[in-house]
Every structure is written in structure tokens, then in C-alpha cells.
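S.K.:
Numbering (our numbering), first residue to last: 70 to 284.
Listed below in C-alpha cells is the structure:
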């Protein structure tokens, strides 16, 4: 399967570097570029990328507003990966809340960028638990705000492990379950929380206080 990528960054040098990395990888293709978030809706509608690599800070329309627009107006929006200079940037957490599937640092190695794209396309979370905990510490409340979601005890265990950055295979090993069973639990968690993907479920776990930034 060929994966189409849209690059959004106000720095031409960054876009050129990302294009070189993406286009050199089999199965990945850069479909277009944008210098500001204002250009994103039109390009996404026309090019239909699978993934958008989105700069978080741009002069006119930033990555948060652009991501929010995509998630709120499209029935099947592309996966959004925020690309940022600093992992503790407040904007990153806001972008994840808005619907981004994860984030990458601009200093990431080429293989990390490629792996990140493939990870979100496969439906896994592109999260760095330690960084997310630091970001969540600034706004996550105490207590358990997910009680009304009706998660079973097993689903709550799975959500906690998802928040720790574990994959389905790793969760299966931790709970001594089959991978397919874990996938079923993850699907149930997403449905009950009304989350689009694993990342959104984890962010809601932090925002509700179900998972605390301290672990």
C-alpha cells in the first residue's frame, strides 16, 4: 500500500528535508506541501493524504487550529503527526487533544520519521510516555473522570497500559492475553470513550484524571 504524505511547515528547509526522507522510502510519497495551516483544508480535500506532518507553530494558522478543522469537518480525516522543535512545547498537548495521532521532534533521525508515519497508519499510538506525562502535568486534573464511560476492569487495565505507551503485543504479554483479545478490548475502550484512535483515548485518560501524570 502506498502512503501519501502532506508536509506542512513554514520553513522551506524543513519541508525539503522531510520530502527527501519520505520520498526516499519505498511505499511513501509526498503528495504536496503547505507553508501555513490555512492551506491545509484545501490541499487535504484535493490530495487526500493518509498522513499530514504538521508543524505546530506557524504564523497565520497554527497546527492546532488546522488539526481541529480537519477533525471536525472531515468524516475520515488523515492521520496528523505534529512536528515540533521541543517535546515539552505546550502546543503539542493541545494538538493531541485536537486530534493529532502523535508527534515527532524535528531533530528525529530519518528512520524515526519513517517509522512514525508507518506506526500511525497501522493504527498504533505515536506517543512518548515520559513527554506526555510532563505535558499532561500542566492541565490534567486529579480523580477518575471516566467512571461514566462504563469501562470494565479489564478495559481500564488496558487503557492504563496504552497510556504507558505499550503496543497491543506488549499489552498481551503484560496481561497474559491473546493479541486478538487485546485488540477487542482496545476497540471497546475507543468506542466507549468516543475516541478516534489510541492516542485520543490516552489523552482523554489524562484529561479526566483517570491516569495521572506521575504514572
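Glycine residues also receive a C-beta, built at the ideal position from the N, C-alpha and C atoms.
Apply the 10 Å Cβ neighbour rule to residue 147 and answer buried if 16 or more other Cβ atoms are within range, or exposed otherwise.
M.R.: In the chain shown, the residue the question calls residue 147 occupies position 78. Per the 10 Å Cβ criterion, buried.
S.K.: Less than 6 Å between C-beta atoms, sequence neighbours within five positions excluded: which residues of the same chain meet that for residue 274?
M.R.: Counting from one through the chain shown, the residue named residue 274 turns up at place 205. Answer for residue 274: 228, 232 and 280, listed in chain order.
S.K.: Short check: CB of residue 133 to CB of residue 164, under 7 Å?
M.R.: Reading the chain shown from its first residue, position 64 is the one you call residue 133. Reading the chain shown from its first residue, position 95 is the one you call residue 164. Closer than 7 Å, so yes.
S.K.: Return the chain-ordered list of same chain residues with a C-beta closer than 6 Å to the C-beta of residue 284, the five sequence neighbours on each side being excluded.
M.R.: Within the chain shown, the letter at position 215 stands for residue 284. In this prediction, residue 284 has a pLDDT of 48, which is less than 50 and means its spatial position is unreliable; what the coordinates show is noted afterwards. For residue 284, where only same-chain residues beyond five positions count, there are no Cβ hits under 6 Å.
S.K.: What's the C-alpha gap between residue 285 and residue 234?
M.R.: There is no way to answer for residue 285, as the model of the chain reaches only from 70 to 284.
S.K.: DSSP three-state label for residue 261, please.
M.R.: Start at 1 with the first residue of the chain shown, and residue 261 comes out as number 192. Correct three-state label for residue 261: helix.
S.K.: How about residue 188 and residue 167: are their beta carbons less than 7 Å apart?
M.R.: Against the chain shown, residue 188 aligns to sequence position 119. Against the chain shown, residue 167 aligns to sequence position 98. No, these two residues do not count as a Cβ contact at 7 Å.
S.K.: Do residue 182 and residue 173 count as a contact pair if the criterion is CB distance below 7 Å?
M.R.: Here residue 173 corresponds to residue number 104 of the chain shown, with the count starting at 1. Here residue 182 corresponds to residue number 113 of the chain shown, with the count starting at 1. Yes.
S.K.: What number of angstroms, rounded off, separates the C-alpha of residue 94 from the C-alpha of residue 219?
M.R.: Counting from one through the chain shown, the residue named residue 94 turns up at place 25. Counting from one through the chain shown, the residue named residue 219 turns up at place 150. Each residue's alpha carbon lies about 43 Å from the other.
S.K.: To the nearest angstrom, report how far apart residue 259 and residue 150 are at their CA atoms.
M.R.: Position 190 of the chain shown, counted from the start, is the residue given in the question as residue 259. Position 81 of the chain shown, counted from the start, is the residue given in the question as residue 150. Straight across, the Cα-Cα distance linking residue 259 with residue 150 is about 19 Å.
S.K.: With a Cβ-Cβ cutoff of 7 Å, do residue 120 and residue 91 count as a contact?
M.R.: To locate residue 120, count along the chain shown from 1; it is residue 51. To locate residue 91, count along the chain shown from 1; it is residue 22. In this structure, residue 91 does not lie closer than 7 Å to residue 120 by Cβ.
S.K.: Starting from residue 139, follow the alpha helix (DSSP H) in both directions and report where the run begins and ends.
M.R.: Stepping through the chain shown from its first residue, residue 139 is reached at position 70. Unbroken alpha helix (DSSP H) run through residue 139: 132–142.
S.K.: Taking C-alpha atoms, which residue in 223, 226 and 255 lies nearest to residue 237?
M.R.: On the chain shown, residue 237 is found 168 positions in, with the first residue counted as 1. Taking residue 237 as reference, the option from 223, 226 and 255 with the minimal CA-CA separation is 255.
S.K.: What is the DSSP secondary structure of residue 173, reduced to helix, strand or coil?
M.R.: For this step, residue 173 is matched to residue 104 along the chain shown. If DSSP states are grouped into helix, strand and coil, residue 173 belongs with the strands.
S.K.: Where residue 143 and residue 114 are concerned, what is the direct C-alpha to C-alpha distance, given to the nearest angstrom?
M.R.: On the chain shown, position 74 is the one that residue 143 refers to. On the chain shown, position 45 is the one that residue 114 refers to. So the alpha carbons of these two residues sit roughly 9 Å apart.
S.K.: Assuming residue 124 and residue 78 are in contact, meaning their beta carbons sit under 8 Å apart, how far apart are those beta carbons, in whole angstroms?
M.R.: The sequence position of residue 124 within the chain shown is 55, counting from 1. The sequence position of residue 78 within the chain shown is 9, counting from 1. At roughly 4 Å, the Cβ-Cβ gap stays under 8 Å, so residue 124 and residue 78 are in contact.
S.K.: Does any CB atom of chain D fall closer than 7 Å to the CB of residue 253?
M.R.: Note that chain D does not occur in the displayed structure, where there is just one protein chain.
S.K.: Run through the DSSP bridge pairs and tell me what residue 102 is partnered with.
M.R.: Position 33 of the chain shown, counted from the first residue, corresponds to residue 102. Its beta-bridge partners are 76.
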